[in-house]
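What follows is one structure encoded as structure tokens, with my remarks underneath.
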Amino acid sequence: MSANKIIFSNQKGGVGKTTTAVNLGAYLAEKGNKVLLIDLDSQGNLSSAVSADPKMKSSYDVIVGTCAPQQAYQSTPVHNLSVIAGGIDLAGLSVELVNELAREFFLKNALSSIEQDWDYILVDCPPSLGLVTINAMCWAEYVVIPMQCEYFAMEGLNLLMRTIGNVKKQLNPHLEILGIVFTMFTSRTRLANDVVDDITAYFSDKVFQTKIPRNVRLSEAPSHGMPINLYDNTCSGALGYASLAEEVMNRV
Ligand code: ATP
Ligand code: MG
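Under my numbering, the first residue of the sequence shown carries the number 1, and numbering increases by one thereafter.
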């Protein structure tokens, strides 16, 4: 069996990509899956959220081929959950690759030898649709789109959908949208409910039933280097990600 290959992408910043990758990964691992997280963001937020050592080999080294993926694995505080760290080198990667042949396929080629070793590989993308994200889309089977329930949520969604469509048509026919997940949801506001209604009308069953509530525990956990299942497994955010993990396991 080969891993389920999932990326978290939305070029809008701060919508919950990293929080979703880390905590979904933690609950998939808690439910008995072998999970590898890969941080493709130069900010390295995912890496620090699981206590990764920034001095170790990173996803940059793996992509440019100076290190095998196995040499970049780091364990995390969660059993069954490992990570390949991100780091500042990734910021220049698009420029470095621009004149390479098949520059969209560096990640795919780099990871081909490890796919049998994991149940899930989850890749956290940077907030852009540049070459790093395109590499992730050329490798993946599934895209999860985290979306914040706010007025400008729809802005940019067309471009994201078009990019996914173009990659699917021209570079990776296996790419599918696994689902849209609402993050930082507050059921009390009319606006949040309107955004959910609009997006659900358009995407129907692609929208995950689970909505991740706004929960301060989710924003505190990364500074302790722990996913939410270790930091506070009874808070509303933890229950949200546990439920999302069930949905994901049923969809793949
Ligand atoms: P970037 O585009 O910069 O990579 P991102 O899409 O990865 O951002 P996150 O870093 O996951 O987004 O989240 C942005 C901020 O919101 C972080 O400070 C995070 O802790 C916080 N946050 C995410 N989800 C929630 C939530 N459900 N409740 C409260 N805070 C949250
Ligand atoms: Mg992020």
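Glycine residues also receive a C-beta, built at the ideal position from the N, C-alpha and C atoms. Note that the structure is a prediction, hence the values are computed from the model and not measured.
Could you tell me whether any non-hydrogen atom of ligand 1 is closer than 7 Å to the CB of N229?
No, ligand 1 has no heavy atom inside 7 Å of this Cβ.
For V196, which option in V78, N233 and Q148 has the closest C-alpha, if you only look at C-alpha atoms?
When each option's Cα is compared against that of V196, the closest is Q148.
Run the CB neighbour count on K169, radius 10 Å, all protein chains shown included, and call it buried at 16 or more, exposed below.
By the neighbour-count rule (16 or more Cβ atoms within 10 Å), K169 is not buried but exposed.
Does DSSP classify V78 as helix, strand or coil?
In this structure, V78 counts as coil in the three-state DSSP scheme.
V35 and Y151 look like a contact to me (Cβ under 8 Å); what is the Cβ gap, rounded to whole Å?
About 34 Å; that fails the 8 Å criterion.
Can K211 be considered in contact with ligand 1, in the sense that its beta carbon sits closer than 7 Å to one or more heavy atoms?
Result no, Cβ not under 7 Å from ligand 1.
Counting along the chain, where does the alpha helix (DSSP H) carrying G240 start and finish?
S236 to R251 is the span of the alpha helix (DSSP H), which, as asked, contains G240.
Quick one, are the C-beta atoms of L334 and D41 less than 8 Å apart?
This structure cannot speak to residue 334, because the chain is shown only from 1 to 252.
Kindly indicate which three-state DSSP category I212 falls into: helix, strand or coil?
I212 falls in the coil class under three-state DSSP.
Does the beta-carbon distance from A140 to L175 come in below 8 Å?
Yes, the pair counts as a contact, with Cβ atoms nearer than the cut-off.
Which of helix, strand or coil does DSSP assign to N33?
N33: coil per DSSP, three-state reduction.
Count the CB pairs spanning the region 123–134 and the region 10–21 that are closer than 8 Å, and state whether there are at least three.
Counting Cβ pairs under 8 Å, three or more are found: they touch.
Which two residues bound the contiguous beta strand (DSSP E) that contains G179?
Per DSSP, G179 belongs to the beta strand (DSSP E) from E176 to T183.
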